[in-house]
Ligand SMILES: [Zn+2]
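Numbering (our numbering), first residue to last: 48 to 503.
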């Protein structure tokens with residue numbers, strides 16, 4: 048039976064940025080069947096299940112183009128130690144997690160995505176198989192980017208860059224396996240890309256092989272790019288050119304690439320990326336935490352599609368949108384641009400296009416997949432909700448999202464998550480998180496760690 052959300056505000060995020068007031072949106076199966084005045088929809092769909100949308104707003108689900116769900120384990124610590132981390136432990140807490148424990152943090156991240164209205168995510172890690180099944184089971188739309196790299200980890204601390212053909216072969220095989228298992232799974236709700244980790248971590252041979260694999264499998268690619276000063280210095284030292292130029296030289300730039308970060312780019316790099324028509328995942332909140340702001344206006348002017356992501360530790364797309372708006376206004380010295388509608392476009396329609404999903408998601412239009420979120424527009428900080436996009440992006444909270452639908456299925460309804468045992472995930476994540484940080488610190492008593500942890 049179709050479902051009609053009635054008497055509501057529908058923010059479409061379509062090309063004309065249409066907002067329908069006193070409207071209804073009809074979902075039939077996994078797709079949007081109609082959007083229009085409530086009275087008309089009632090006549091056309093007399094047997095639809097009626098959902099009261101008064102005082103609410105329906106928006107497209109948010110598209111997150113750069114996540115590391117399992118790094119929620121480092122939340123509350125790693126945000127304040129830069130990147131690469133200035134903590135000098137010889138290992139990381141995430142490396143200390145079993146596959147099962149790693150999956151708990153993936154589910155914690157997925158919960159946060161779901162609660163904040165993030166319906167699609169490009170999830171990147173070297174351990175996707177640990178948790179792919181569970182994340183797919185949440186009902187969220189996932190793009191898995193199992194990550195490849197051929198830089199020998201042993202030398203990194205001493206700035207020695209040694210690349211291993213065996214490591215290239217092994218990690219690319221891992222990518223290929225994830226694509227074999229997951230690309231197109233769950234009736235197309237799960238797809239894959241080839242993730243090459245970062246310019247300093249990939250030899251020219253790996254970059255070319257990764258691109259070839261993506262072409263062979265007909266999937267997109269992603270990479271971290273101009274993420275840190277260390278990366279720029281390392282690539283310049285080892286390759287003699289800046290990171291985007293290095294990717295250009297080895298044919299890794301393409302319209303199907305999502306380049307994450309792009310923080311420290313020179314005009315020459317911007318030009319390379321723009322001419323390739325690659326997309327940029329602007330991870331605005333994490334960039335601001337890292338004291339950086341990518342040249343968004345120049346990247347867009349050069350031809351890049353600007354999308355948004357959250358990156359590590361947090362998966363709050365509203366925070367990323369708001370930070371993106373604030374930081375961009377500071378950068379432009381313009382109190383009026385970008386508009387909240389611009390930023391919402393980055394986080395919806397542009398994100399979907401970046402992931403090759405633009406025909407199906409990223410806006411609320413007839414025939415597209417029913418990936419939508421319902422905001423409670425009567426919360427005090429949103430009233431009067433005359434222009435809900437602006438009210439939400441300037442003043443809203445992730446918890447204003449009260450319901451989430453993906454593929455026509457409710458994953459959260461009236462703030463109750465229906466596909467994840469929330470209490471269980473939170474309880475386990477808290478216990479594991481406390482234990483691994485304690486273990487890391489206790490195992491390395493000579494490594495300075497300026498945080499006093501709880502005793503258990
Ligand atoms: Zn990342």
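Think of the CB as a built atom: it goes at the ideal place given N, C-alpha and C, for glycine as much as any other residue.
Going by DSSP, residue 267 is part of the beta strand (DSSP E) stretching over 267 to 272. In this structure, residue 162 lies near residue 448, with their beta-carbon atoms less than 9 angstroms apart.
Boundaries cannot be given for residue 415, as no alpha helix (DSSP H) includes it and DSSP labels it neither H nor E. For residue 62, the closest C-alpha among the options 388, 429, 463 and 450 is that of 388. As summarised for the segment 193 to 235, the continuous alpha helix (DSSP H) elements at least 4 residues long and confined to that stretch are 212 to 229, given in chain order. Contact between residue 86 and residue 73 does not hold, since the beta-carbon distance rounds to 13 angstroms and is not under 8 angstroms. Distances between the C-beta of residue 479 and the heavy atoms of ligand 1 are all 8 angstroms or more. Between the segment 263 to 276 and the segment 307 to 314, the count of Cβ pairs shorter than 8 angstroms is three or higher; the stretches touch. Residue 329 has 355 as its beta-bridge partners, per DSSP. Setting aside the 5 residues that flank it on each side, residue 155 is surrounded in the same chain by 119, 472 and 476, each with a C-beta closer than 6 angstroms to its C-beta; the list follows chain order.
Between the alpha carbons of residue 479 and residue 70 lies a distance of about 46 angstroms. In this structure, residue 242 lies away from residue 253, with their beta-carbon atoms at least 9 angstroms apart. With a beta-carbon spacing of about 38 angstroms, residue 98 and residue 176 fall beyond the 8 angstroms limit used to define contacts.
DSSP, read as helix, strand or coil, puts residue 298 in coil.
Looking at the backbone, the Cα of residue 462 and that of residue 450 are separated by about 6 angstroms. Here residue 111 is actually not in contact with residue 149; their C-beta atoms are around 19 angstroms apart, not less than 8 angstroms. Here the segment 131 to 145 makes no contact with the segment 425 to 433; the two share fewer than three CB pairs at distances below 8 angstroms. Residue 269 counts as buried, since no fewer than 16 other beta carbons sit within 10 angstroms of its beta carbon.
Distance from the CA of residue 247 to the CA of residue 359, rounded to the nearest whole angstrom, comes to 19 angstroms.
Our two residues, residue 266 and residue 170, have alpha carbons roughly 15 angstroms apart in a direct line.
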